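Residue 781 in the working numbering sits at position 788 of the sequence shown; the count goes up by one each step and never skips.
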Amino acid sequence: MAQDRQTEPWSALLDAGLADGRLVREAHEGPGRAKLVEPPRELHPDVLAALQRLGVERLYSHQAEALHSAWQGPTIITTGTASGKSMCFNLPALDVLCRDARARALYLYPTKALAQDQARALASFGLSKRVRPAIYDGDTPREARAEIRKSANVVLTNPDMLHVGILPNHAAWADMFANLAVVVVDEAHVYRGVFGSHVANVLRRLRRIAAAYGTEPRFLLTSATIANPAELAERLTGLQDVRLIDDDGSPAPARRIAVWNPPLTDEALGQRRSALGEAAELLARLVREGARTICFIKSRKAVELLSRLVKEDLQSTHPELAELVVPYRAGYTSQQRRELEGRLARGELRAVITTDALELGIDIGALDAAVVVTFPGTVASLRQMWGRAGRSTIERRGRGLALYIAGEDALDQFFCRHPEDFLQRPVEAAILDHESPLIYRQHLLCSAHEGPLSHDDAEFLGPRWEAHAEILLSSGDLRRRPGAASGTYVPRRPGGYPAADVSLRSASPEQYAIVDVSSGELLGSTEAARAHSTVHEGAIYLHLGRSYEVRELDLERRRALVAPFGGDWYTQPKRTTDTDIVRLLDRREALGVTLSFGEVSVTDTVLAYQRKGVADHSFRELVALELPPTSFATQALWFELDSAQLENEIPLEALLGALHATEHAQIAVLPLIAMCDRWDIGGLSTNFHPQTGSPTIFLYDGHPGGIGISRTAFARFEELCRDAHALISECPCSSGCPSCVQSPKCGNLNEPLSKAGARLLLERMLGGAAHAGGAGDAAAGADAPPDAARAIAG
Ligand SMILES: [Zn+2]
Ligand SMILES: [Zn+2]
-6 MAQDRQTEPW SALLDAGLAD GRLVREAHEG PGRAKLVEPP RELHPDVLAA LQRLGVERLY
54 SHQAEALHSA WQGPTIITTG TASGKSMCFN LPALDVLCRD ARARALYLYP TKALAQDQAR
114 ALASFGLSKR VRPAIYDGDT PREARAEIRK SANVVLTNPD MLHVGILPNH AAWADMFANL
174 AVVVVDEAHV YRGVFGSHVA NVLRRLRRIA AAYGTEPRFL LTSATIANPA ELAERLTGLQ
234 DVRLIDDDGS PAPARRIAVW NPPLTDEALG QRRSALGEAA ELLARLVREG ARTICFIKSR
294 KAVELLSRLV KEDLQSTHPE LAELVVPYRA GYTSQQRREL EGRLARGELR AVITTDALEL
354 GIDIGALDAA VVVTFPGTVA SLRQMWGRAG RSTIERRGRG LALYIAGEDA LDQFFCRHPE
414 DFLQRPVEAA ILDHESPLIY RQHLLCSAHE GPLSHDDAEF LGPRWEAHAE ILLSSGDLRR
474 RPGAASGTYV PRRPGGYPAA DVSLRSASPE QYAIVDVSSG ELLGSTEAAR AHSTVHEGAI
534 YLHLGRSYEV RELDLERRRA LVAPFGGDWY TQPKRTTDTD IVRLLDRREA LGVTLSFGEV
594 SVTDTVLAYQ RKGVADHSFR ELVALELPPT SFATQALWFE LDSAQLENEI PLEALLGALH
654 ATEHAQIAVL PLIAMCDRWD IGGLSTNFHP QTGSPTIFLY DGHPGGIGIS RTAFARFEEL
714 CRDAHALISE CPCSSGCPSC VQSPKCGNLN EPLSKAGARL LLERMLGGAA HAGGAGDAAA
774 GADAPPDAAR AIAG
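Quick look at the structure:
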């Protein structure tokens, strides 16, 4: 083992990290032998011949298993990065296409770049007489479209195009729908949250239209490793009994996994050396040692900054190496990406630095080292990025370093303290809710335009479709078809095109457009419910890793005018929030509190915003705003605490800080249970809620209608509290820091917060150890006068 270490370019670096404690955890993976099997004899002879031409004499065991499973029923494959997942759906698809000259396949990709890569992979089989793939997306020239509809038998597209271009025009695609044998959904874990809830409806519409043309296509999905792959596949497609293939038969490389924490510079305040500075030093070192490295970091600005720091570091010792470090930008064509891959493979480049947003679009194979700077939000994506390490280099075959450098955020530091938990199990479940009412009704209306809604649709649209149809009836969007059987609904305005008004990235149809005034370009849109807090005047708005400053928020015309921003600050809004319980859906006793789940109405008023320095989060300025309140309906869990019991331990003036800090800690760790971003979750803590009559903490879905996050948190509340308690009690800071109870999105600018109070409160709930000496600021002043009822917005 020690011998091995000497031969690796990162040996000295890891030894140094081990010595000074920055390397907090080291693990080894592999090497594992490939499990190889003969290609099944039942495969069509042309496909078998194509495999031989490609030099594929045997398949990995999971590829053969996937093929057999695909012949039987719907299947999802979740083997590792670069394990040959595409072969798992290409073989059954090609087999069908070779057997039946009329059969068609539809491949769905979340990004255009991935569709391009797959079209190339399909072409490499050399079955051009029988297999005619074509990409059909927003870039496809109008004049080419009719020909693709007529002659392509593999159509590669994305969910947006399927939703807005293909399904509403199904008559033009009649030939495809009438012969649709296979639907491939690659990278299915991307379809979660709001986007996933939409895509689940789009796939149900697809099954409904296919059935109208007499076909029932076989669904084949792939996903990164998540906690609930089969469930995700079933929720996405509406199908039952989806088979799971997860026993990876590809050869695992010998990979060293390193979890790296920048050193503390101030323990009491929880301050550490910046992850960026640490990453620059480590990258420069890897480059000098000859490791070919890919580095992932969050924003485009960080990519530029890190590239500059690494180059500067190298300039001083090895100026010739500085040229071999390049930032990788969005929007490369697949040809440009292949060029880059070639230059890396030939050693003409040493390090590529890219945003994690491009994780899916990148196809530059595998390298010696994969470095991930700050937690990418989910363990699933961290693993995917790590999977780039140690696959392909010839002279060091199967050796790799997967390095993660922690930032200061709560999840980053939690990860550093519990690396085993993260490394050993897929922790997150991909959550979506196709019946989220606002999302569901938008697609129900689209469905009505694609064909009258009737009893038969329960099979595709679910048993409650008619109740939703009745709501669209009363809003004037649908009408009953006169003379037809009862329960047949058609659009009120048959000439309308509702799909054009539905964005798959947004929960509500109420949108604000975001327009770049410097170019006139429409950058995107945001939900009306979030507009005041995300694109108020003066807000710094991040889009595809690039910063913009909002010049004007036009409430009347529902648009935000923005301009590119080069400054060094970001903004955080200050707001007040009220939650009104509308309907109780579920309730249980948990950890000594009454835990409820239901519908709430959230009313927000954005009062002001803070400017803070990007480099050190320092406060610069508070700017007042005058904006009217906004409301939206969503789902929430809330739990009520017994104020009489609490009074003995937490004085009233500390109670609010304790509740608030508890809420922050719970929001921070919730993404570990329900795969989402902390920005998808809202919170409110109050020492007296008028409806519950008690101190109450609310956690709610931040999107109108809800997408299943708080429902999951309700079901797994005990776990949530345990994680939140661990987060707080293990953080070395004295009274709260960004790694535990402070939140980058707090509507009350992190005031008041009591770390000790939150710890005590959670310990009480968990029935944990005695709180001797643990109460800190909460223990003082037990006789303080009662505070007025106050509520703190997450
Ligand atoms: Zn802390
Ligand atoms: Zn807060």
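Where is the CB? At the ideal position from N, CA and C, for every residue including glycine.
On a predicted model such as this, the values are computed, not experimentally measured, just so you know.
Query: Alpha carbon to alpha carbon, how far is glutamine 504 from aspartate 239? Give it in angstroms, no decimals.; Result: 40 Å
Query: Measuring only from the beta carbon, is histidine 61 closer than 7 Å to any heavy atom that is part of ligand 2?; Result: no
Query: Assuming glutamate 592 is part of the alpha helix (DSSP H), what are its boundary residues?; Result: Premise fails: glutamate 592 lies in the beta strand (DSSP E), 586 to 606, not in any alpha helix (DSSP H).
Query: Below 8 Å on the Cβ atoms is my guess for glycine 701 versus aspartate 426; work out the distance and round it to an integer in Å.; Result: 4 Å
Query: Which residue marks the beginning of the beta strand (DSSP E) containing threonine 519, and which one marks its end?; Result: 515 to 520
Query: Alpha carbon to alpha carbon, what distance is there between tyrosine 100 and arginine 125?; Result: 13 Å
Query: Counting C-beta neighbours from all protein chains within 10 Å, is the total for arginine 581 16 or more, i.e. buried, or is it exposed?; Result: exposed
Query: Could I get the ranges of all uninterrupted beta strand (DSSP E) runs contained in the stretch 33 to 81, with 3 residues as the minimum, in chain order?; Result: 68 to 70
Query: Taking only three categories from DSSP, how would you classify glycine 769?; Result: For glycine 769, the predicted structure reports a pLDDT of 36, less than 50, and the residue's modelled location is therefore unreliable. A value from the coordinates is still provided. Note: glycine 769 maps to helix in three-state DSSP.
Query: Does the beta-carbon of tryptophan 664 have 16 or more other beta-carbons within 10 angstroms, so that it is buried, or is it exposed?; Result: Just to set this straight, residue 664 is proline in the shown sequence, not tryptophan. Counting Cβ neighbours within 10 Å, proline 664 comes out buried, since at least 16 surround it.
Query: Just verifying my parser: in three-state terms, what is the DSSP assignment at glycine 25?; Result: strand
Query: Bridge partners for glutamate 633 per DSSP, in chain order?; Result: Thr587, Thr689
Query: Given this structure, state the Cα-to-Cα distance separating leucine 44 from isoleucine 69, to the nearest angstrom.; Result: 23 Å
Query: List the residues that DSSP assigns as beta-bridge partners of tyrosine 563.; Result: Lys605
Query: Does the Cβ of glycine 650 have 16 or more other Cβ atoms within 10 Å, making it buried, or fewer, making it exposed?; Result: buried
Query: When you compare each of Gly455, Ser429, Arg457, Leu466 to leucine 438 by their alpha carbons, which one comes out closest?; Result: Leu466
Query: With DSSP run on the structure shown, which of helix, strand or coil describes alanine 12?; Result: helix
Query: Specify, as a first and last residue, the run of the alpha helix (DSSP H) that cysteine 409 falls within.; Result: 403 to 410
Query: Less than 8 Å separating the beta-carbons of proline 502 and glutamine 435?; Result: yes
Query: Closer than 7 Å to a non-hydrogen atom of ligand 1 - does that hold for the CB of glycine 729?; Result: yes
Query: Could you check where the alpha helix (DSSP H) with threonine 705 kicks off and where it finishes?; Result: 702 to 708
Query: Tell me which residue opens and which closes the alpha helix (DSSP H) that histidine 657 is part of.; Result: 645 to 662
Query: How would you label valine 836, buried or exposed, when you count the other beta carbons within 10 angstroms and need 16 or more for buried?; Result: Absent from the model: residue 836. The displayed extent of the chain is -6 to 787, so no value can be given.
Query: Which residues mark the beginning and the end of the alpha helix (DSSP H) in which leucine 307 is found?; Result: 293 to 310
Query: Quick check on the burial criterion: 16 or more other C-beta atoms within 10 angstroms. Buried or exposed for asparagine 641?; Result: exposed
Query: Looking only at C-alpha atoms, which of Arg783, Gln406, Asp573 sits nearest to valine 17?; Result: Gln406
Query: Taking all protein chains shown into account, do 16 or more other C-beta atoms lie within 10 angstroms of the C-beta of serine 512, making it buried, or fewer, making it exposed?; Result: exposed
Query: What residue does the alpha helix (DSSP H) around histidine 436 start on, and which one ends it?; Result: 430 to 443
Query: By the 10 Å Cβ neighbour count, where 16 or more other Cβ atoms means buried, how is aspartate 13 classified, buried or exposed?; Result: exposed
Query: To the nearest whole angstrom, what separates the beta carbons of arginine 236 and serine 62, a pair I think is in contact under 8 Å?; Result: 5 Å
Query: Can you confirm whether the stretch 732 to 742 touches the stretch 684 to 702 when touching is taken to mean that 3 or more C-beta pairs between the two stretches lie within less than 8 Å?; Result: no
Query: Considering only their Cβ atoms, is the gap separating alanine 717 from threonine 655 smaller than 8 Å?; Result: yes
Query: Do you know how far the Cα of glycine 517 is from the Cα of serine 216?; Result: 27 Å
Query: Going by beta-carbon coordinates alone, are leucine 299 and isoleucine 290 separated by less than 8 Å?; Result: yes
Query: Counting only runs of 3+ residues fully inside the stretch 250 to 282, write out the beta strand (DSSP E) ranges in chain order.; Result: 257 to 259
Query: Going along the chain, which residues of its own chain have a beta-carbon closer than 8 Å to the beta-carbon of lysine 605, five neighbours each way excluded?; Result: Trp562, Tyr563, Thr564, Gln565, Ser611, Phe612, Arg613
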